[in-house]
Structures are given as C-alpha cells and as structure tokens.
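This report concerns only the one structure given below.
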Amino acid sequence: MTTSPEARARAVFATFQTAVDTWVAEAVADCFTDDVVYVGTAGYLHGRDELLGYVREVFERNEAMRWELAQVHVFLDAPPLLGFAASGTIIGTSAGRPRELPFRLSLLVEQQRATGATKIRHFHGSVPIDAFTSTSS
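The working numbering applies: residue -14 is where the sequence shown begins, and numbers increase by one.
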C-alpha cells in the first residue's frame, strides 16, 4: 500500500512528537541526523551536539510541549528525501502556565540507507511575531 507524501510527513512529525513526549533530550536528538541544521528561536544550530544542548535548555524551562499540525504541504518528494512545510499551534506549559502560540515550520527529512529510519536533516521553526507590537500573530 502506497502512503501519500502528506501522510509520510505527518508520520515523521508524529515520531518527533513521541520523542518530545518522553522528555528525554537524547531521544529528541536521535530524530535528527548528526549534521542537522536547525534554525529557530534559538538561532542557528549545526550538528547533533548543539541541538542536544538546545533541547536540554528547552526542557529545563518548560514542563510540556506539543505541536498540533493544522496544515502540511509537501514541497519535495524525492526518496530518500522528503521536504515539507507545516503550520499549526504549539501548546506548552512553563512555570505551571499553559500557553498556545501559532507556529510555522519546514523540514527536510532523509531516510537513512543503513537503518531505514527517517531522520530530520533540516528543521526551521518559528512562532510568528508582529514586528511592530512584539506579539504573536
């Protein structure tokens, strides 16, 4: 049975979310290639070690984090590569206070030849902020 590119993209993200749900930084880092490029709130990170440090910081500042994907658009379906963009809501808890914010992201994932696992090679995520009011839009 052939799975649609969007279903594969959602499955990759579900695997990532499952790792986040464990609240174990190494489990999250294992979702990424060793040479990952990560661009987001933390700035620009390159490689698993930098990503792992960032994930540990995020876990220290928060109690929970969940992404709800509303839209997914596949822009590259060229096995072993899959690229997609998504938007939705990120739901987190910090200092006992729940918070929901809109987000946008794009990922490039690659199925690993040796293991067959699909890993994130590039992750770009952002929470849209209005440049004039400094509030999420």
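Just so it is clear, CB atoms sit at the ideal spot from N, CA and C, and this is done for glycine as well.
What do you reckon, are the CB atoms on G73 and P83 nearer than 9 Å? As a first step, residue 73 must be located in the sequence shown, where it is residue number 88. As a first step, residue 83 must be located in the sequence shown, where it is residue number 98. With contacts defined by Cβ atoms closer than 9 Å, G73 and P83 do not form a contacting pair.
Extent of the continuous alpha helix (DSSP H) run through A10: Here the question's residue 10 lines up with position 25 in the sequence shown. For A10, the enclosing alpha helix (DSSP H) begins and ends at 10 to 14.
Limits of the unbroken alpha helix (DSSP H) element including P(-10): In the sequence shown, counting from the first residue as 1, residue -10 sits at position 5. Note, P(-10): alpha helix (DSSP H), -10 to 7.
Under 9 Å, do L36 and G68 count as touching if we go by C-beta distance? Indexing the sequence shown from 1 puts residue 36 at position 51. Indexing the sequence shown from 1 puts residue 68 at position 83. No, they are not a contact pair.
Just reading off the alpha helix (DSSP H) that E35 is part of, what are its end residues? As a position in the sequence shown, residue 35 is number 50, starting the count at 1. Segment 33 to 46, the alpha helix (DSSP H) holding E35.
For A(-6), I'd like the list of residues in its chain whose CB is within less than 7 Å of its CB, leaving aside the five on either flank, ordered along the chain. Numbered from its first residue, the sequence shown carries residue -6 at position 9. Within the same chain, A(-6) has close Cβ partners V57, V59, L67, F69.
Between which two residues does the beta strand (DSSP E) carrying R51 extend? Looking up residue 51 in the sequence shown gives position 66. Looking at the DSSP string, the run of the beta strand (DSSP E) that includes R51 is 49 to 63.
Which class does V22 belong to by DSSP, given the choice of helix, strand or coil? Indexing the sequence shown from 1 puts residue 22 at position 37. In the structure shown, V22 falls within a strand segment according to DSSP collapsed to helix, strand and coil.
Spatial distance of P113 from W52 (CA atoms): Start at 1 with the first residue of the sequence shown, and residue 113 comes out as number 128. Start at 1 with the first residue of the sequence shown, and residue 52 comes out as number 67. Across the structure, P113 and W52 are spaced so that their CA atoms are roughly 15 Å apart.
In this structure, how does DSSP classify T78 when only helix, strand and coil are distinguished? Taking the first residue of the sequence shown as 1, we reach residue 78 at position 93. In the structure shown, T78 sits in a strand (DSSP, three-state: E or B).
Please return the same chain residues whose Cβ sits closer than 7 Å to the Cβ of E42, not counting the five positions on each side in sequence. Locating residue 42 in the sequence shown gives position 57, where the first residue counts as 1. The answer is none, since no qualifying residue turns up.
Start and end of the beta strand (DSSP E) containing R106? Here residue 106 is taken as the residue at index 121 of the sequence shown, counted from 1. According to the DSSP assignment, R106 belongs to the beta strand (DSSP E) that extends over 103 to 111.
R89 - partner residues in DSSP beta bridges: Residue numbering aside, residue 89 sits at position 104 when the sequence shown is read from its first letter. The partner list for R89 (beta bridge, DSSP) reads S72, S111.
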